[in-house]
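Order-wise, the sequence lines are chains A and B. Numbering-wise, the first sequence is residues 8 to 425 according to our numbering. Numbering-wise, the second sequence is residues 8 to 425 according to our numbering. Even for Gly, the Cβ is constructed at its ideal location relative to N, Cα and C. Note sheet for the following structure.
There are 2 protein chains.
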Amino acid sequence: MQNLVEYIQTLGQKARLASREVGRASTLTKNQALLAMVEAILAERETIRRENAKDLAFGRERGLSPALLDRLELTEARIDAMAEGLRQIASLPDPIGEIEGLKCRPSGIQVGRMRVPLGVIAVIYEARPNVTVDAAGLCLKAGNACILRGGSEAIHSNRALLACIQQGLRQAGLPDTAVQLVETTERAAVLELIRQDRYVDVIIPRGGRSLIEAIVAESRIPVIKHLDGVCHVYIDDRADLAKAIRIAVNAKTQRFGVCNAMETLLVAEGIADKVLPPLAEEYRKAKVELRGCTRTRQIIACLPATEDDWYAEYLAPILAIRVVSGLDEAIEHIARYGSAHTDAIVTEDLNHARRFLREVDSSSVMVNASTRFADGFEYGLGAEIGISTDKLHARGPVGLEGLTTQKFIVLGDGHIRT
Amino acid sequence: MQNLVEYIQTLGQKARLASREVGRASTLTKNQALLAMVEAILAERETIRRENAKDLAFGRERGLSPALLDRLELTEARIDAMAEGLRQIASLPDPIGEIEGLKCRPSGIQVGRMRVPLGVIAVIYEARPNVTVDAAGLCLKAGNACILRGGSEAIHSNRALLACIQQGLRQAGLPDTAVQLVETTERAAVLELIRQDRYVDVIIPRGGRSLIEAIVAESRIPVIKHLDGVCHVYIDDRADLAKAIRIAVNAKTQRFGVCNAMETLLVAEGIADKVLPPLAEEYRKAKVELRGCTRTRQIIACLPATEDDWYAEYLAPILAIRVVSGLDEAIEHIARYGSAHTDAIVTEDLNHARRFLREVDSSSVMVNASTRFADGFEYGLGAEIGISTDKLHARGPVGLEGLTTQKFIVLGDGHIRT
Numbered sequence: 008m009q010n011l012v013e014y015i016q017t018l019g020q021k022a023r024l025a026s027r028e029v030g031r032a033s034t035l036t037k038n039q040a041l042l043a044m045v046e047a048i049l050a051e052r053e054t055i056r057r058e059n060a061k062d063l064a065f066g067r068e069r070g071l072s073p074a075l076l077d078r079l080e081l082t083e084a085r086i087d088a089m090a091e092g093l094r095q096i097a098s099l100p101d102p103i104g105e106i107e108g109l110k111c112r113p114s115g116i117q118v119g120r121m122r123v124p125l126g127v128i129a130v131i132y133e134a135r136p137n138v139t140v141d142a143a144g145l146c147l148k149a150g151n152a153c154i155l156r157g158g159s160e161a162i163h164s165n166r167a168l169l170a171c172i173q174q175g176l177r178q179a180g181l182p183d184t185a186v187q188l189v190e191t192t193e194r195a196a197v198l199e200l201i202r203q204d205r206y207v208d209v210i211i212p213r214g215g216r217s218l219i220e221a222i223v224a225e226s227r228i229p230v231i232k233h234l235d236g237v238c239h240v241y242i243d244d245r246a247d248l249a250k251a252i253r254i255a256v257n258a259k260t261q262r263f264g265v266c267n268a269m270e271t272l273l274v275a276e277g278i279a280d281k282v283l284p285p286l287a288e289e290y291r292k293a294k295v296e297l298r299g300c301t302r303t304r305q306i307i308a309c310l311p312a313t314e315d316d317w318y319a320e321y322l323a324p325i326l327a328i329r330v331v332s333g334l335d336e337a338i339e340h341i342a343r344y345g346s347a348h349t350d351a352i353v354t355e356d357l358n359h360a361r362r363f364l365r366e367v368d369s370s371s372v373m374v375n376a377s378t379r380f381a382d383g384f385e386y387g388l389g390a391e392i393g394i395s396t397d398k399l400h401a402r403g404p405v406g407l408e409g410l411t412t413q414k415f416i417v418l419g420d421g422h423i424r425t
Numbered sequence: 008m009q010n011l012v013e014y015i016q017t018l019g020q021k022a023r024l025a026s027r028e029v030g031r032a033s034t035l036t037k038n039q040a041l042l043a044m045v046e047a048i049l050a051e052r053e054t055i056r057r058e059n060a061k062d063l064a065f066g067r068e069r070g071l072s073p074a075l076l077d078r079l080e081l082t083e084a085r086i087d088a089m090a091e092g093l094r095q096i097a098s099l100p101d102p103i104g105e106i107e108g109l110k111c112r113p114s115g116i117q118v119g120r121m122r123v124p125l126g127v128i129a130v131i132y133e134a135r136p137n138v139t140v141d142a143a144g145l146c147l148k149a150g151n152a153c154i155l156r157g158g159s160e161a162i163h164s165n166r167a168l169l170a171c172i173q174q175g176l177r178q179a180g181l182p183d184t185a186v187q188l189v190e191t192t193e194r195a196a197v198l199e200l201i202r203q204d205r206y207v208d209v210i211i212p213r214g215g216r217s218l219i220e221a222i223v224a225e226s227r228i229p230v231i232k233h234l235d236g237v238c239h240v241y242i243d244d245r246a247d248l249a250k251a252i253r254i255a256v257n258a259k260t261q262r263f264g265v266c267n268a269m270e271t272l273l274v275a276e277g278i279a280d281k282v283l284p285p286l287a288e289e290y291r292k293a294k295v296e297l298r299g300c301t302r303t304r305q306i307i308a309c310l311p312a313t314e315d316d317w318y319a320e321y322l323a324p325i326l327a328i329r330v331v332s333g334l335d336e337a338i339e340h341i342a343r344y345g346s347a348h349t350d351a352i353v354t355e356d357l358n359h360a361r362r363f364l365r366e367v368d369s370s371s372v373m374v375n376a377s378t379r380f381a382d383g384f385e386y387g388l389g390a391e392i393g394i395s396t397d398k399l400h401a402r403g404p405v406g407l408e409g410l411t412t413q414k415f416i417v418l419g420d421g422h423i424r425t
C-alpha cells in the first residue's frame, strides 16, 4: 500500500511540474504535439491492434458482456476516428491567454480577466480506450497536464496509445509527463488519486452513477460530473402540431441509449386529444413502449405509469407520458422529477417560451428543438470531454473552455491604494 | 440528534422551494425587497442595538478577546454601513437572465448561454453580524435563496437582523424563507448542513483555515473557499525605482491584517543594491520587521529568514525578503511558496510583464500596481461575498456573478437531429 501511495504521489508531482510547461506552451507547439500524436497512432496501428487484441482476449476469458467488448474494441475505423479527433482538436482556437473585459477603474488601474489552464486534470473512465486519446488531446490543447485512469480491462490498449501520445509530446519539445496513465489496475489507486489535492485541480469521472457517487463521497478535489439524463419534452397547448410530433419522435427514437434522449413526454390537456393519437402511432412503428398517466390512458392505449416512471432514465425504447394542465404544471413536474440535464418546450407562444427558458433549471433548455441537440459538436464547442450536470464551473457539454479558468489581471503604472 | 437532522433538512427544503420564487423574481421586486430591508433595519435600530448588547455581554462573560468583541459590536456607524451596503447592492445591475453568445449553428438551431442563479447557497461565518446582511443581500440580488450560519456568539444580533431581512422580503411579496438562519448554536448543525446536497448547491465558508478545511473534508457539496494569502511583489531588474518603492511600501504597510497585503518581497539581483536600502528605511519608519535571505543581509541589516518564512502569511508588520537572479527565479519562487492569491511584478520591460502575467498562476496577477487592489470594490464588482482561492467556478474576488451560473439555451423552429 505504501508503494501505491508513493506511486500516485509521484504521478501527481510530475503532472504538476509538467502542467507549468504545457500551461505556457504556444498554440503552435501544442498543435504540433497533437499532429505528431496523429502520425504516431497511424504509424503504430498494428501495435495498437495487437495490444487491443490482448485486452479483448482477456475480456472474453473473463466473460465481459458483448456491449463492453464492443466498447473495448479498437477497429480500424475507430483508430482513424481517434486520429481525426486529434486533428479536429488541433484546428480549434486556443482558449488560453484570451483577455476579457479589460476596463479602466476610477483608481487608474486597468482590470480584466485572462483565460488560463486549470492545471492538472485527472480523468477516470471505463474500458473505452478511445477516451484515452480524446481526453489527452483536449487537456493538452487547454494547456493542462492530465492523469488518466481507464478501466483495467483496457490496460494494454491504453499503454499502446499512451506511447503514441507521449511520442507526440516529445517531438514537440513538451514533457511526456504532461499525459500520464495510472498503470496499476488496483482499485485503491483511484481512491489515492482523488485525495491528491496538492497536485490535482479537478477530477472528471466518466462512467456509471455508482462510480461517480463513490468519487464525490471520497474526493477532496472538485469533481465535474455527469449524473442522470431524465430529459423532458413539454408539448404546450399553443404548440404547432406538426413540430410537436416531429420533435417528440426525434427526441425519443433517434437514439435510445443516450443521455439527451427524452424519457418523459408532458402534454398540455388542451392539445392532448389531438397530439397523442398520431404520436402513439409513430411510437408504435418505432416499437417504443408507452406508460401513461390516467388521463393519457383515456386517450391512447398504453401501460399505466407509476410514480417511479417519472424518475426513470430508461435509456431504452420506453417512454413515460403525462397530461398536465399547462405550463405551470409542466415546470413543476420538471422541477420535481427531472435531473436538470436537458428539457424542451414546443410552443408558438412567446411568453410561454420565455417563461420556460427562464424558469426551467436545467443545463440545456430548448424551445422548438429536439433534446438530442444537447451535445458539444452540435453546440459548436468542437469536441466535448463530457456533459456536466453540475451547476458550478461547467454546466452542460464541456469543451475546451470548461477545462480552463480565468484569473484577474491588473495593469498599473505605479498605482497604489490609498 | 434526530431533531437536528430534521430541522436542517426542513431548512433545506424550504430554501429549495423559495429559490424557485426568487430565481424568477423581477429585478424590480428584488430591489424593492433590498430597499425594504434598509427601511426595516433603520426603523429597528434600537432593537438591533439591544440584541447586540446581549451578545456583547455574553461575550464578555465568556472572555472573548477584544478583537472578537470588536467584530461582534454593531455600532451606529456599522448599522448605517449595513444599510448603505444593501442600497448599493440594489443599485448594481441584475446579472440574471443575461444571454451571451447566441449563435446560429449549421443545423439551424440558435445556441447561447443564459445567466441563472445557483439555487441555494449556504454561508457559514464567524461572529460578524454585518455578514448576515451582506450575504443575504448579495444572494438575493443574484436570485438565490440562502441559509446563513453565523457564529453562535452573534445569535441575538443575527436574529434581530434576520427579522428585518424577512420583513423586507415579505413587503416585496417574496417568501421569507428565501433567507433563513440556522437558529441552533449546536456545532453539529454545520456538519448536517454541508451534507444536504439535495437542497444546497454551494457552500461559502468565511473564517479561519481550520473551519474551511474541516468543511472541505466533510462536505458533499461544492465549496467556494478562501485559504491563504501569501502575496508577493517582485521588483524586476528593469523596474522603475520610484514605482518599485511606492508599490512595495503600499503593498506591505497600507494595512497589515488583510489577505492581499504583501508577505514576501522578491528583488532581482541587478537592482537589489539600489532598491533595498531606501526600502529598508521606509519599512523602518513603518515599524516593519524585515527577515532576509543571505544576499539581502549583505545589503541591508535585518534578521535571517528561514525556510518557514517563505511560506508564512504573517498578517502582521513582518516582511520576508529574497534576492533572486531574475524573472525565472521569481516565478519559480512564487510557484513553490505562494498561495495563488495575488502577486505583482514591477517592471518597465514589456516581455517580462507579459511572461509574469501569463505564467504566474494566481487569482490576481498585477503589473506595476499594489497587491492591495485585489478587492471586489476596486475591481468594479460592486460588492464581494469573499475572495476565492479556488480555481473552479469563481477565482479571486467573488461578486454577484460568482453567485450565478450559466445554462445553455437552444432556440429552434421544429428542428430535429438527423
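Original post:
Does residue 303(A) get closer than 7 Å to chain B when you measure Cβ to Cβ?
Top reply: no
**OP:** Flag residue 269(A) as yes if its beta-carbon sits less than 7 Å from any beta-carbon of chain B, otherwise no.
**Re:** no
**OP:** Leaving aside the five residues before and after residue 384(A) along the sequence, list all residues of the same chain whose C-beta is less than 8 Å from its C-beta, in chain order.
**Re:** 390, 391
Original post:
Which residues does DSSP pair with residue 416(B) in a beta bridge?
Top reply: 372(A), 119(B)
**OP:** Please list the residues of the stretch 187-218 of chain B that have a C-beta atom closer than 7 Å to any C-beta atom in chain A, keeping them in chain order.
**Re:** 208, 209
Original post:
Leaving out five residues before and five after residue 250(B) in sequence, what residues of the same chain have Cβ atoms less than 7 Å from its Cβ?
Top reply: 353, 375
Subject >> chain B contact for residue 377(A) (CB, 7 Å cutoff) >> reply: yes
**OP:** Below 7 Å CB to CB, which residues in the same chain sit around residue 63(A) once its five sequence neighbours on both sides are set aside?
**Re:** 76, 79, 80
**OP:** Give the interface partners of residue 56(B) over in chain A, defined as CB-CB distance under 7 Å, in chain order.
**Re:** Within 7 Å Cβ-Cβ: nothing; residue 56(B) doesn't reach chain A, min ~32 Å.
Subject >> Three or more C-beta pairs below 8 Å linking the stretch 364-381 of chain B and the stretch 264-280 of chain B >> reply: yes
**OP:** Evaluate residue 254(B) with the Cβ neighbour count: other Cβ atoms within 10 Å of its Cβ, from every protein chain shown; 16 or more gives buried, anything less gives exposed.
**Re:** buried
Original post:
So residue 125(B) packs on residue 410(B), CB below 8 Å; how close in whole Å?
Top reply: 6 Å
Original post:
With 16 as the cutoff for other CB atoms within 10 Å, does residue 238(B) come out buried or exposed?
Top reply: buried
Original post:
For residue 110(A), which three-state DSSP category applies?
Top reply: strand
**OP:** Could you check what DSSP says for residue 341(B) in three-state terms: helix, strand or coil?
**Re:** helix
Original post:
Does the count of Cβ pairs from the stretch 116-136 of chain A and the stretch 19-28 of chain B closer than 8 Å reach three?
Top reply: no
Original post:
Bridge partners of residue 269(B), per DSSP?
Top reply: 238(B)
Original post:
Who are the Cβ neighbours of residue 174(B) in its own chain at under 6 Å, not counting the five residues just before and after it?
Top reply: 47
**OP:** Just tell me which of 116(B), 340(B), 240(B), 199(B) has its CA closest to the CA of residue 13(B).
**Re:** 199(B)
Original post:
Does the beta-carbon of residue 87(B) have 16 or more other beta-carbons within 10 angstroms, so that it is buried, or is it exposed?
Top reply: exposed
**OP:** Label residue 39(B) either buried or exposed according to how many other C-beta atoms from any shown protein chain fall within 10 Å of its C-beta, with 16 as the threshold for buried.
**Re:** buried
**OP:** With 7 Å as the threshold, decide whether the Cβ of residue 17(A) is near any Cβ in chain B.
**Re:** no
**OP:** Just grab the DSSP bridge partners of residue 349(B) for me.
**Re:** 371(B)
Subject >> Start and end residues, alpha helix (DSSP H) containing residue 173(A) >> reply: 162-178
Original post:
Looking at residue 167(A) and residue 58(A), is the spacing between their C-beta atoms short of 7 Å?
Top reply: yes
Original post:
Going by beta carbon distance, what residues of the same chain come within less than 8 Å of residue 426(B), once the five residues before and after it are set aside?
Top reply: Chain B is shown only over 8 to 425; residue 426(B) falls outside these bounds and no answer can be derived.
Original post:
Apart from the five residues on each side of it in sequence, which residues of its chain come closer than 6 Å, Cβ to Cβ, to residue 34(B)?
Top reply: 101
Original post:
Would you say residue 366(B) reaches chain A, if we count a Cβ-Cβ gap shorter than 7 Å as a contact?
Top reply: yes
**OP:** Residues of the stretch 339-354 of chain A with a CB closer than 7 Å to any CB of chain B: list them in chain order, please.
**Re:** 342
Subject >> Cβ pair residue 405(A), residue 118(A) closer than 7 Å >> reply: no
Original post:
In the DSSP assignment, what residue or residues form a beta bridge with residue 97(B)?
Top reply: The partner list for residue 97(B) (beta bridge, DSSP) is empty, contrary to what the question assumes.
**OP:** Take residue 226(A) and list the residues in its own chain whose beta-carbon comes closer than 8 Å to its own, dropping the five residues that flank it on each side.
**Re:** 201, 202, 210
Subject >> Spatial neighbours of residue 279(B) in its chain, beta-carbon cut-off 8 Å, leaving aside the 5 residues before and after >> reply: 302, 303, 306, 330
Original post:
Smallest Cα separation from residue 197(B): which of 181(B), 116(B), 179(B), 223(B)?
Top reply: 223(B)
**OP:** Return yes when the Cβ of residue 89(B) is within less than 7 Å of the Cβ of residue 138(B), no when it is not.
**Re:** no
Original post:
Are the Cβ atoms of residue 29(A) and residue 218(A) separated by less than 7 Å?
Top reply: no
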